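Undergrad: Counted from 1, the sequence shown has number 621 at position 625 by the working numbering; the numbering is strictly sequential.
By construction, the Cβ of each residue, glycine as well, lies at the ideal position given by its N, Cα and C atoms.
Computed from a predicted structure; not experimentally measured.
Next up is a structure, given as structure tokens.
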Amino acid sequence: MYADVILPLPLPGLFTYAVPTEMQPSIGVGYRVTVPFGSRKHYTAIVTRIHRERPENIKIKEIHSLIDSHAVVNDQQLRLWEWISFYYLSPLGDVYKAALPPSMKPRDLQQTYTPKTENYIQIDPEMETAYADRQLGRAKKQQALLAEIRDYLTTKNADRIGKKELSGFSTYSASALKGLLQKKMLIDVRIETSRLESDIAPIRAPYTLNEHQNTAFLDINDCFRHKQTCLLHGVTSSGKTEIYIHLITQFLAEGKQTLYLLPEIALTGQLTERLQAVFGSRLGIYHSRINDQERAEIWQKMLSPHPYDIIIGVRSSLFLPFHQLGLVIVDEEHESSYKQQDPAPRYHARDTAVMLAHFFEAKTLLGSATPSIESYYNAQTGKYGLVTLTERFNGSMMPEIRIENTRELRRRKKMKSLLSPLLIELIDQSLKENKQAILFRNRRGYAPLIVCKQCEWTPKCTRCDVTLTYHKKTNRLICHYCNSIYSVPKICPSCHQESLETIGQGTEQLEEEVSRLFPDTVVARMDQDSTRGKDRSEQIIHDFQQQKIQILVGTQMLSKGLDFDHVKVVGIISADSLLNHPDFRAHERGFQLMTQAAGRAGRKQTPGTVIIQSTDPGNPIYSFVTGNNYAAFFQTQLAERKLFHYPPFYRLIRIICKHKDAEKAGNVAFLLAKLLRKSLHERVLGPNKPVVERVQLYYIREILLKLEYGLSSHQIRDILNKAEARLRDESDLKQVVLYYDVDPLS
Ligand SMILES: [Zn+2]
Ligand SMILES: [Zn+2]
-3 MYADVILPLP LPGLFTYAVP TEMQPSIGVG YRVTVPFGSR KHYTAIVTRI HRERPENIKI
57 KEIHSLIDSH AVVNDQQLRL WEWISFYYLS PLGDVYKAAL PPSMKPRDLQ QTYTPKTENY
117 IQIDPEMETA YADRQLGRAK KQQALLAEIR DYLTTKNADR IGKKELSGFS TYSASALKGL
177 LQKKMLIDVR IETSRLESDI APIRAPYTLN EHQNTAFLDI NDCFRHKQTC LLHGVTSSGK
237 TEIYIHLITQ FLAEGKQTLY LLPEIALTGQ LTERLQAVFG SRLGIYHSRI NDQERAEIWQ
297 KMLSPHPYDI IIGVRSSLFL PFHQLGLVIV DEEHESSYKQ QDPAPRYHAR DTAVMLAHFF
357 EAKTLLGSAT PSIESYYNAQ TGKYGLVTLT ERFNGSMMPE IRIENTRELR RRKKMKSLLS
417 PLLIELIDQS LKENKQAILF RNRRGYAPLI VCKQCEWTPK CTRCDVTLTY HKKTNRLICH
477 YCNSIYSVPK ICPSCHQESL ETIGQGTEQL EEEVSRLFPD TVVARMDQDS TRGKDRSEQI
537 IHDFQQQKIQ ILVGTQMLSK GLDFDHVKVV GIISADSLLN HPDFRAHERG FQLMTQAAGR
597 AGRKQTPGTV IIQSTDPGNP IYSFVTGNNY AAFFQTQLAE RKLFHYPPFY RLIRIICKHK
657 DAEKAGNVAF LLAKLLRKSL HERVLGPNKP VVERVQLYYI REILLKLEYG LSSHQIRDIL
717 NKAEARLRDE SDLKQVVLYY DVDPLS
């Protein structure tokens, strides 16, 4: 008997091992085994097929040991892994690595999953009270402690008490406990417990939907009758979450599980509270900040007869073992953080969610106030259903959006700070009314650039081809590509003069300036730097909700689906910088960010104001944003995408070649492009040098494939594999790093 297995290694294909005779009755597909691979190494592998076909011409090794007595990966999961590997051109081993929590796939002597235990104290059940009192004699402290324990257990109707709890007793002392244990009056026990909370009771029923929400709810149901996927396009603050809650309830009644995907960990906190209030401990939370042991426990619970009915999580929760999946919700479906960048597999969680649902014959609901061009196109062409919600919840009004021409203001010497006079006035006003403000700047750090006034020297990362960003608080220069940290030179290292100055403004400088403009208010900043610590972003969000913070400064992190009740003013400080990227999605992202940011303003009955500061207010995108005109924006984008051969009309695959030697990187890319052109012709673009040519010591060259729909994916994959194999044959190209980014973000 033989078993094909997946190894957690970036190697193509499956590996075949012989199944030892004694293991044969108990092994199955989806089971974990340990197998030898390479020189004296053991890996945890997953069995994908059991058969009797002896592979030819290779020496077959035996499976070393069998870990499980049941499958830990089910058929739908294996199908999903294969699809990801195929579609995203990524080895199956990489998909497996991304899917399972690390402690479930130990290598050699690495840490494995260990159950959590707690210490308890028990009274010997055979012992009679009178006997105990006699035995204890004059040890009054021990007697008193024993009596209190006895009372406690009687009232609680329990047979043991946690050691921690015991230490809170009035009669407790370490010596009395020790005495009782020595005399065997008490027994010390260790009991396996769960890391997961299991007794959260629901506290409310779903709220009744208003008229518009209810129409949308019925439309979605109607749509699900003939479509697998539905796009819910609902303006910001239209109450989409409550519609989701009603849908989940409906699927629960049919005995079906729901997966609720969010783009960011920072968002899970606010939403978890809302869902827990309705669903209690039927809800499980899964993301990378939950520790590995707990993730392994959630995985096991999903395999048990009593799995979570609802999982809320970020993209990695797609990999959990569902059994009765009925609904997948992809909230804020337009968010770019749904795309995995590094390491492989570079999958898009939204598109993978649609596939996952397909394997379960489940439904997918995509939700957004600013749908991605791809999803909206799919809805327009009938591939997805479309439901729209144009009314804000609770009668709150759409904010007024105004564009401030900062070029003109500067010319007239009216810009005395980073904020326009009108924005300052509006913030001032709202502070007086006890309201809050949010300010966006899509650049973290203090200043993006330090430059020498004399010789134009500027500090660069030694490992990457990028200028360093100045961070004032830590007085360091940081590379935003590899996170290398450098000290700030006092004099210019090139011309040796004290002539260094900062150019441009990041969030840190904005925070400093806002604190100076509004000295008596609490200003906080939310970006990657300020939220490094665990739960830090949740804390900032919480404090802002509680109005302990009046002005919040931050990057796009802030625009993602957060609900605040008292925000009256939103300022977008340098909107042009959102649009000036050499990237086909720059306008799409700019529109989404501005609309989403604007959506943070004006909840409940207070209408809000949004100020967008731009040096180029004539750009048509601003009129789409101020007019809240998604349809017109979509049409112009679609026309451009069609004209320049971009998605949704063409499928993009970026090929990345990296080498520590610049010349070799260039040669590899050139040769590869030449090989590919033989069969793909003008569909092959490049090779090109990316904007940042060198990252972490590696020189990068890129090739872009623009493929029309209708080409066979199998054929493309074949062409790529063959070209890659040819490259690997050339002896001096062995050191090259080569990978694919399918459906790249830019
Ligand atoms: Zn760097
Ligand atoms: Zn200089």
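(1) Is the beta carbon of Leu177 less than 8 Å from the beta carbon of Asp184?
(2) If you compare alpha carbons, which of Leu5, Gly363, Gly24 and Asp0 is closest to Ala14?
(3) Does the region 400 to 407 touch the region 658 to 677, meaning 3 or more C-beta pairs lie closer than 8 Å?
(4) Work out the CA separation of Thr17 and Ser171 for me, nearest whole Å.
(5) Count the other CB atoms, across all protein chains shown, that sit within 10 Å of the CB of Ile547; report buried if there are 16 or more and exposed otherwise.
(6) Check this for me: beta carbons of Ile196 and Ser277, under 8 Å apart or not?
(7) Write down the C-beta distance between Arg724 and Lys730 rounded to the nearest angstrom, noting that I regard them as a contact closer than 8 Å.
(8) On a Cα-Cα basis, can you pick out the residue from His641, Gly682 and Phe645 that is closest to Ile651?
(9) Specify the secondary structure class of Val324 as computed by DSSP and reduced to three states.
(10) Exposed or buried, which one is Glu293 when buried takes at least 16 other CB atoms within 10 Å?
(11) Given Asp155, which residues of its chain have a CB within under 7 Å of its CB, disregarding the five upstream and five downstream residues?
(12) Quick one: using the 10 Å Cβ neighbour count with 16 as the cut-off for buried, is Tyr334 buried or exposed?
(13) Quick check on DSSP: helix, strand or coil for Ala197?
(14) Going along the chain, which residues of its own chain have a beta-carbon closer than 7 Å to the beta-carbon of Val510, five neighbours each way excluded?
(15) Short check: CB of Leu672 to CB of Val565, under 8 Å?
(16) State the Cα-Cα distance for the pair Ile325 and Glu508, rounded to the nearest angstrom.
(17) For Ala349 and Leu228, what's the separation of their Cα atoms in angstroms?
(18) Might you give, ordered along the chain, the residues of its own chain that have their beta carbon closer than 6 Å to the beta carbon of Ala658, omitting 5 neighbours on each side?
(19) How do the region 479 to 491 and the region 416 to 431 stand: do at least 3 beta-carbon pairs fall below 8 Å, yes or no?
(20) Thinking Arg291 and Ile261 are a contact (beta carbons under 8 Å), I'd like their distance in whole angstroms, please.
(21) If you follow the beta strand (DSSP E) that Leu648 is in, where does it begin and where does it stop?
(22) Inspect the beta-carbon positions of His562 and Lys428 and report whether they are closer than 8 Å.
(23) Look at the alpha carbon of Cys451 and the alpha carbon of Ala345, and state the distance between them as a whole number of angstroms.
(24) Thinking C-beta only, is Ala212 closer than 8 Å to Ile239?
(25) To the nearest angstrom, report how far apart Val688 and Thr463 are at their CA atoms.
(26) Taking Cβ to Cβ, would you say Arg28 is nearer than 8 Å to Asp64?
(27) Taking just the CA atoms, how far does Gln692 sit from Val383?
(28) So, are the CB atoms of Glu328 and Ser364 less than 8 Å apart?
(29) I'd like the ranges of any alpha helix (DSSP H) spanning at least 4 consecutive residues and lying wholly in the region 109 to 151.
(30) Closer than 8 Å is the cut-off here; do at least three beta carbon pairs connect the region 593 to 610 with the region 630 to 641?
(31) Which residues count as close to ligand 2 when the rule is a CB under 5 Å from any of its heavy atoms, in chain order?
(32) Quick one: what does DSSP say Tyr753 is sitting in, helix, strand or coil?
(33) Output the distance between the C-alpha atoms of Leu701 and Tyr343, rounded to the nearest integer angstrom.
(34) Cβ atoms of Gly378 and Ala442: under 8 Å apart, would you say?
(35) Quick check for students: name the residue ranges of the beta strand (DSSP E) that lie wholly in the region 653 to 679, counting only runs of 3 or more.
(36) By alpha-carbon positions, which one of Pro301, Tyr127, Ile699 and Leu88 ends up nearest to Leu734?
TA: For this structure:
(1) Here residue 177 refers to the residue found at position 181 when the sequence shown is read from its first residue. Here residue 184 refers to the residue found at position 188 when the sequence shown is read from its first residue. Yes, Cβ-Cβ distance for Leu177 and Asp184 is below 8 Å.
(2) By 1-based counting over the sequence shown, the position of residue 14 is 18. Ranking the options by Cα distance to Ala14, first place goes to Asp0.
(3) no
(4) The count along the sequence shown starts at 1 and reaches residue 171 at position 175. The count along the sequence shown starts at 1 and reaches residue 17 at position 21. If you take the alpha carbons of Ser171 and Thr17, they lie about 56 Å apart.
(5) Along the sequence shown, read from residue 1 onward, the residue named residue 547 stands at position 551. Buried is the call here.
(6) Along the sequence shown, one-based indexing puts residue 196 at 200. Along the sequence shown, one-based indexing puts residue 277 at 281. Closer than 8 Å, so yes.
(7) If you number the sequence shown from 1, residue 724 lands on position 728. If you number the sequence shown from 1, residue 730 lands on position 734. Rounded, the Cβ-Cβ distance is 7 Å, consistent with contact.
(8) Locating residue 651 in the sequence shown gives position 655, counting from the first residue. The residue with the shortest Cα to Cα distance from Ile651 is Gly682.
(9) As a working note, residue 324 is residue 328 in the sequence shown. DSSP places Val324 within a strand segment (E or B) once states are collapsed to three.
(10) Here residue 293 refers to the residue found at position 297 when the sequence shown is read from its first residue. Buried, because 16 or more other Cβ atoms sit within 10 Å of the Cβ of Glu293.
(11) Residue numbering aside, residue 155 sits at position 159 when the sequence shown is read from its first letter. Gln118 and Leu149, listed in sequence order.
(12) Numbered from 1 along the sequence shown, position 338 holds the residue referred to as residue 334. That one is buried.
(13) Within the sequence shown, the letter at position 201 stands for residue 197. Residue state, collapsed to three classes: coil.
(14) Within the sequence shown, numbered from 1, the residue matching residue 510 stands at position 514. The answer, listed in chain order, is Leu435, Val519, Ile547 and Val549.
(15) Residue 672 sits at position 676 when you count from the first residue of the sequence shown. Residue 565 sits at position 569 when you count from the first residue of the sequence shown. Their beta carbons are not under 8 Å apart, which means Leu672 does not touch Val565 by this criterion.
(16) The residue given as residue 325 occupies position 329 in the sequence shown. The residue given as residue 508 occupies position 512 in the sequence shown. Their backbone Cα atoms lie some 39 Å apart in a straight line.
(17) Translated into positions along the sequence shown, residue 349 becomes position 353. Translated into positions along the sequence shown, residue 228 becomes position 232. Ala349 and Leu228: Cα-Cα distance of roughly 16 Å.
(18) Translated into positions along the sequence shown, residue 658 becomes position 662. Taken in chain order, the residues that qualify are Tyr695.
(19) no
(20) Residue 291 sits at position 295 when you count from the first residue of the sequence shown. Residue 261 sits at position 265 when you count from the first residue of the sequence shown. Incorrect: roughly 13 Å between the Cβ atoms, too far for contact.
(21) Within the sequence shown, numbered from 1, the residue matching residue 648 stands at position 652. Tyr646 to His655 is the extent of the beta strand (DSSP E) around Leu648.
(22) The residue given as residue 562 occupies position 566 in the sequence shown. The residue given as residue 428 occupies position 432 in the sequence shown. Cβ distance not < 8 Å, so His562 and Lys428 don't count as in contact.
(23) Position 455 of the sequence shown holds residue 451. Position 349 of the sequence shown holds residue 345. About 47 Å.
(24) In the sequence shown, residue 239 corresponds to position 243, counting from 1. In the sequence shown, residue 212 corresponds to position 216, counting from 1. Going by C-beta atoms, Ile239 is nearer than 8 Å to Ala212.
(25) Taking the first residue of the sequence shown as position 1, residue 688 is located at position 692. Taking the first residue of the sequence shown as position 1, residue 463 is located at position 467. Whole-angstrom Cα-Cα distance: 10 Å.
(26) Your numbering for residue 28 matches position 32 in the sequence shown. Your numbering for residue 64 matches position 68 in the sequence shown. Against a cut-off of 8 Å, the Cβ pair of Asp64 and Arg28 comes out as a contact.
(27) As a working note, residue 383 is residue 387 in the sequence shown. As a working note, residue 692 is residue 696 in the sequence shown. So the alpha carbons of these two residues sit roughly 45 Å apart.
(28) On the sequence shown, position 332 is the one that residue 328 refers to. On the sequence shown, position 368 is the one that residue 364 refers to. Yes, Cβ-Cβ distance for Glu328 and Ser364 is below 8 Å.
(29) 125 to 132
(30) No, they do not touch.
(31) Cys448, Gln450, Cys451, Trp453, Cys488, Ser490 and Cys491
(32) Only positions -3 to 742 of the chain appear in this structure, which leaves residue 753 out of reach.
(33) As a first step, residue 701 must be located in the sequence shown, where it is residue number 705. As a first step, residue 343 must be located in the sequence shown, where it is residue number 347. Roughly 17 Å between the two C-alpha positions.
(34) Here residue 442 corresponds to residue number 446 of the sequence shown, with the count starting at 1. Here residue 378 corresponds to residue number 382 of the sequence shown, with the count starting at 1. The displayed chain sequence assigns Tyr, not Ala, to residue 442. Result no, Cβ atoms of Tyr442 and Gly378 do not sit closer than 8 Å.
(35) none
(36) Stepping through the sequence shown from its first residue, residue 734 is reached at position 738. For the residues Pro301, Tyr127, Ile699 and Leu88, the minimum Cα distance to Leu734 belongs to Ile699.
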